[in-house]
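Below is one structure, written out as structure tokens; comments come after it.
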Amino acid sequence: MRLFRSRSGVTLVELMVAAVILAVAILGLTATFGGVQRALQASKNKTLASNLAQEKMQILKQKNYYQVLVTTDPAYNTDYTPALAYDSGYFPPESLREGGVSYTRYTFVQVAQENSGALITLAPTTPDTGMKLVTVSVTWTQGGEKRRYSVTSLMSNPDTVMSNSIFSGMVRSSEPTPVAIEHALVNAADNLGWQDYTSASGAYSINVAPGIFTLMATAPGYFRSFYTVTAAANATQTQDFYLYKMSSGTVRGTAWYHPDLVISQVVAATYTVVGDGSEHTIEYVTLFNPTTAAINIGETGASASKQINLGYLDENSTFDVTDEQFNFTHVSSYVPPRSGYLIANATFFVVAGNWVSADAYYQPTIASCGGAFYCDVIRTTKAGGLELTRTPTGAEVDKVGWDDFDNGAETNEGTSLELAATDGLPDGGQVVRIASATNAPAAEGLQVYGGAYDSNDNADDFAVYPTILVAPLTTGATMPVIAGVPAFGAVISANDGLSSPATAYNNGADPPSAEFTLQHVATGTWTAIISKNGYGLENATVTIAASGSVYTFPSSTTMLSTTLTDGFISGEVTDIAGVAISPAITVSPGGAGADQLAATTGRGVYFLRVSSPGTVDVTANPGNLNADYLALTQSIVVDPGEIVSDVDFVLTQGGRITGFVTRDGTNALPGVAVAALDSNGFARDQQVSDASGRFTTVNVATGAYTLSPAIDSIETATPSSLAVTVTVGATVHGGTFTISGAMGRITGAVTAGGAPIATGVLIVASSATLSGTPPALTTISSATLTVDPYYMTSSYEDGTYSLDLRGGSYLLYGYYTTISPSGAVTITGTNLGAVTVTPGATLTGQDFAW
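Heads up: the sequence shown begins at 389 in this note's numbering, then just goes up one per residue.
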């Protein structure tokens, strides 16, 4: 007998289950590895961005302090929040490619100063403080998302003059019992970098260089104070300030705005005479346009664009009539400003004792009507409602709903109209929107003012009358408006420089209103701005006649019906004595709005309208339009509808300095930074020679200056400095600088087989022939030039290179390294022969190909 050994195996089901388990495991591992890969790539991208930012920072820090020019007119990349500020002139954006990712590198340089232990930035026109805040940002796109990485560092001027004199003192109010003023600003009007904010005790301390200065103290709610003071070397001077408080009053009012059409009347049934003399039951709805612009309703016809839809909804949706089923014929296509729009089931009929013509009429296509006139749609015995929507989005415009004994309104805002005495809307009755929170339910008032009050609660917004007391308003007549949507949260501000913005609040009444109280408004006549959700108004006649007086806005003047997208900036422009300058100084918000002249009388007040709110560079005396005074710039953040007050400028008298930079006594040398140092050694301006070799400073304060070129360590300037004296309104020629050994640049590309080389090519420029691949490069000193000099760089990942070197004639070499599959390293060299580099210029198109 033959024996068989049993063999173990798997069934088909077991095999399938095992396959599924393995597939799930593999998919899980794949997903895990995919996530790990994405995380590693993100980390790599950020590391490369960090390296690129640090590289640029190191390049800048190796430059002469005066060669790192302050960004005078920053541009903004708005793809990021907050917007990324950068220099588009001196240090323009750089496009780089590393690790297969495209990066953009931005540079931003600001004047910096320590103030009360905190680092602050100042306007670019501020004389040199000895510190510059440098921000380098690198941006890239990762997974469709925009990313950025920024590094910030301080640069200090190694030649900064020691501020060995100190001004200190107290800032107090001028009341009979003086009170310390905290956070008052004390600065030297001649150099806004010398400043300090007072402590809680009113104390300040400023380090300055020896000299004569004008100290200025300012604080919100107080008039400014000036003192001309002398700072002795190595001494502490005491100067106290007593500031006079501004007299003030209060501004009050109620704020409203009008976003769109409202339903102003509903009549479900009135038995009356129609155009042919017969009598019928007529129903109608009146709309009202409380805005200051005409609103398009839409025309009849398939080719016309429908703008506004009207629908009716009965209780529990048992009787639903759409706009299409109403079957409208539009006699008028627009609702004029502050006018009504009558919609009825008849064309011409009598109501409230007068004949009226419908602006739109309907002949419903519902089964019970069959397209006939005078058909009843709005039910008098049931709860229901009407709704306005906008085509094609279906966005709600307005709606009103009413109850009956048993059911609530299907279409309603807030609380529905409770008709306890009737079952639904009454025959011969009328629902009317009130004119204002204080104007209900007097029908007489509703005939005087347009029904525009809209608190978003039907129970507050409408009055119900058992008979028709108010005639419907059509497109043929207008009504004044005294209310609208209560502008809860609206911001109210004035340009008096004393008050702080206030917010409109719910007064808690029934119906409610949005009331506001703007306190501590300085005496005088000011401009007030009220804004809410892009709506606003501007009133330039708000007057506080005396201390403690109250200005009350009439309701008819607080309609925020004009779309408000502008911001506003106000302040004063004076000389260092606090006196308004004549002729008037121009104040400009740059491309963000229109310029304005500061008043030449009084306090030199200006008021700018900013059409592009955001970060705005405000300049007093732009381009030195008044050659007798300096120009000053401040960067201000302003939002739509906001007034930013107290943006003040104190201008000193000055003139300009011009000069010439050359490489050989004849030919121009562009790109050389020249600093104008005052008698205390502070840089009042830094300019760069243009293509003609010439430079001209902005207006600098009158007095003695030293011109000093900022050059590389291997360059030599003859003379090393120039002395010049600036007088009021004059442009003084300082002289000529001849720069020996000035730098130039060579740029080009490297390719292999026609494709850019991403692995890097060594580029060498030498004044002598090099041998070897690569050559044996001798360590030399560029300063002493004891042997023939050479200059080197490596090409970038995108196959381009840039080499800085002294002007002159050179031999240009390239060395390309490749690695074979077996690991053998081969270096192939080539040269472009002799090239000549002009100082201050760039020699382009020096390409290497393998």
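Glycine included, C-beta positions come from ideal geometry on N, C-alpha and C.
Open item on the list: Can you look up L428 in the DSSP assignment and give me helix, strand or coil?
Closed with: Mapped onto the sequence shown, residue 428 falls at position 40. Helix.
- [ ] Take every Cβ of the segment 615 to 624, pair it with every Cβ of the segment 557 to 564, and state whether three or more of those distances are shorter than 8 Å.
- [x] Pairwise C-beta distances place the segment 615 to 624 out of contact with the segment 557 to 564, as fewer than three of them are shorter than 8 Å.
TODO: Determine the contact status of T1216 and F1236, defining contact as a CB-CB distance below 8 Å.
DONE: The residue labelled residue 1216 in the question sits at position 828 within the sequence shown. The residue labelled residue 1236 in the question sits at position 848 within the sequence shown. No, Cβ-Cβ distance for T1216 and F1236 is not below 8 Å.
TODO: Could you have a look at V1239 and say whether DSSP puts it in helix, strand or coil?
DONE: Any question about residue 1239 goes unanswered here, given that the chain covers just 389 to 1238.
Open item on the list: Counting beta carbon pairs with one atom in the segment 660 to 667 and one in the segment 722 to 738, are three or more of them shorter than 8 Å?
Closed with: yes
Task: Option in A755, Y729, A1212, D849 with minimal Cα separation from T862 - done: Along the sequence shown, one-based indexing puts residue 862 at 474. Here the closest residue by C-alpha is Y729.
Task: Distance, V1076 Cα to G922 Cα - done: Position 534 of the sequence shown holds residue 922. Position 688 of the sequence shown holds residue 1076. Roughly 44 Å between the two C-alpha positions.
Task: Where S438 falls: helix, strand or coil (DSSP) - done: Reading the sequence shown from its first residue, position 50 is the one you call residue 438. Helix, per DSSP.
Open item on the list: Using the three-state DSSP reduction, which class does P1010 fall into: helix, strand or coil?
Closed with: Counted from its first residue, the sequence shown places residue 1010 at position 622. The answer is helix: DSSP assigns P1010 an H, G or I state.
Open item on the list: So the candidates are R426, A427, D467, Y494; which of them puts its Cα closest to the Cα of E443?
Closed with: Against the sequence shown, residue 443 aligns to sequence position 55. Closest by alpha carbon: Y494.
Task: Candidates Y478, P752, T527, S541: closest to T509 by CA position - done: What you label residue 509 is simply residue 121 of the sequence shown in a count that begins at 1. Ranking the options by Cα distance to T509, first place goes to S541.
- [ ] Please classify E775: is it buried, with 16 or more other beta-carbons within 10 angstroms of its beta-carbon, or exposed?
- [x] Taking the sequence shown and counting its residues from 1, one reaches residue 775 at position 387. Its Cβ being crowded by 16 or more others within 10 Å, E775 is buried.
Task: Exposure of K449, with buried meaning 16 or more beta-carbon neighbours within 10 Å - done: Start at 1 with the first residue of the sequence shown, and residue 449 comes out as number 61. Exposed, since its Cβ has fewer than 16 Cβ neighbours within 10 Å.
Open item on the list: Under 8 Å, with one C-beta from each stretch per pair, do the segment 1151 to 1167 and the segment 1115 to 1123 reach the 3-pair mark?
Closed with: no
- [ ] Within the same chain, show all residues whose beta-carbon is closer than 7 Å to that of K694, passing over the 5 residues directly before and after it, in chain order.
- [x] Translated into the one-based positions of the sequence shown, residue 694 becomes position 306. Here K694 has G686, T779 as same chain residues with Cβ atoms under 7 Å from its own Cβ, once five neighbours each way along the sequence are excluded.
Open item on the list: Is S1128 close to chain B? Criterion is C-beta to C-beta, closer than 8 Å.
Closed with: Here there is only one protein chain, and chain B is not present.
Open item on the list: Quick check on F1236: does DSSP put it in helix, strand or coil?
Closed with: Within the sequence shown, residue 1236 is the residue found at index 848, counting from 1. Residue state, collapsed to three classes: strand.
- [ ] With a 10 Å radius around its C-beta and 16 neighbouring C-beta atoms as the bar for buried, classify L985 as buried or exposed.
- [x] The residue labelled residue 985 in the question sits at position 597 within the sequence shown. Exposed, because fewer than 16 other Cβ atoms sit within 10 Å of the Cβ of L985.
TODO: With DSSP as the reference, label D1005 as helix, strand or coil.
DONE: Numbered from its first residue, the sequence shown carries residue 1005 at position 617. Note: D1005 maps to strand in three-state DSSP.
Open item on the list: A682 and V654 - do their beta-carbons sit closer together than 8 Å?
Closed with: In the sequence shown, counting from the first residue as 1, residue 654 sits at position 266. In the sequence shown, counting from the first residue as 1, residue 682 sits at position 294. Result no, Cβ atoms of V654 and A682 do not sit closer than 8 Å.
TODO: Pick out whichever of V526, L603, D475 has its Cα sitting closest to the Cα of T435.
DONE: For this step, residue 435 is matched to residue 47 along the sequence shown. When only C-alpha atoms are compared, the closest one is V526.
- [ ] Determine the closest residue to A511 out of A972, A1019, C763, with distance taken between C-alpha atoms.
- [x] Against the sequence shown, residue 511 aligns to sequence position 123. Selected option, being the one with the closest Cα: A1019.
TODO: Give me the Cβ distance between I932 and S636, rounded to the nearest whole Å; I'm assuming they're in contact under 8 Å.
DONE: Residue mapping note: residue 932 aligns to position 544 of the sequence shown, counting from 1. Residue mapping note: residue 636 aligns to position 248 of the sequence shown, counting from 1. Yes, I932 and S636 are in contact; Cβ-Cβ is about 7 Å, under 8 Å.
- [ ] Round the Cβ separation of V497 and V458 to the nearest angstrom and send it over; I've been treating them as touching at under 8 Å.
- [x] On the sequence shown, position 109 is the one that residue 497 refers to. On the sequence shown, position 70 is the one that residue 458 refers to. The Cβ separation is near 5 Å, so the contact holds.
Task: Among G936, T1139, P1058, Q1022, the one whose alpha carbon lies nearest that of E960 - done: Numbered from 1 along the sequence shown, position 572 holds the residue referred to as residue 960. For the set G936, T1139, P1058, Q1022, the Cα lying nearest the Cα of E960 is the one of Q1022.
Open item on the list: Does the beta-carbon of A878, which I'm using as the reference point, lie nearer than 7 Å to any heavy atom of the ligand ADP?
Closed with: This structure lacks the ligand ADP; in fact it carries no ligand of any kind.
TODO: Take R1082 as the anchor and find which of P1058, V524, D708 has the nearest alpha-carbon.
DONE: If you number the sequence shown from 1, residue 1082 lands on position 694. Nearest C-alpha to R1082: P1058.
Open item on the list: Comparing C-alpha positions only, which one of A605, T669, P546 sits nearest to D1034?
Closed with: To locate residue 1034, count along the sequence shown from 1; it is residue 646. Taking only the C-alpha atoms, the option nearest D1034 is A605.
TODO: Hey, could you find the ends of the alpha helix (DSSP H) Q907 is sitting in?
DONE: Here residue 907 is taken as the residue at index 519 of the sequence shown, counted from 1. Here Q907 belongs to no alpha helix (DSSP H); instead the beta strand (DSSP E) covers 902 to 910.
Task: DSSP three-state assignment for A1222, whether helix, strand or coil - done: Here the question's residue 1222 lines up with position 834 in the sequence shown. Of the three classes helix, strand and coil, the one that applies to A1222 here is strand, per DSSP.
Task: Nearest to V1062 (by Cα), restricted to the options I1031, G1043, S1109, D584 - done: Locating residue 1062 in the sequence shown gives position 674, where the first residue counts as 1. By alpha-carbon distance to V1062, the top candidate from I1031, G1043, S1109, D584 is S1109.
Task: Endpoints, the alpha helix (DSSP H) within which A847 is located - done: Here residue 847 refers to the residue found at position 459 of the sequence shown. Run containing A847: 846 to 849, per the alpha helix (DSSP H) assignment.
Task: Exposure of P942, with buried meaning 16 or more beta-carbon neighbours within 10 Å - done: Counting from 1 along the sequence shown, the entry for residue 942 is found at position 554. Exposed: under 16 other Cβ atoms inside 10 Å.
- [ ] With DSSP as the reference, label A607 as helix, strand or coil.
- [x] Here residue 607 refers to the residue found at position 219 of the sequence shown. Coil at A607, not helix or strand.
TODO: Evaluate contact between the segment 1035 to 1053 and the segment 1006 to 1014, counting only Cβ atoms and requiring at least three cross-stretch pairs below 8 Å.
DONE: yes
- [ ] State the beta-bridge partners of G1069 as determined by DSSP.
- [x] Along the sequence shown, one-based indexing puts residue 1069 at 681. According to DSSP, which records beta bridges pairwise, G1069 is partnered with nothing at all.
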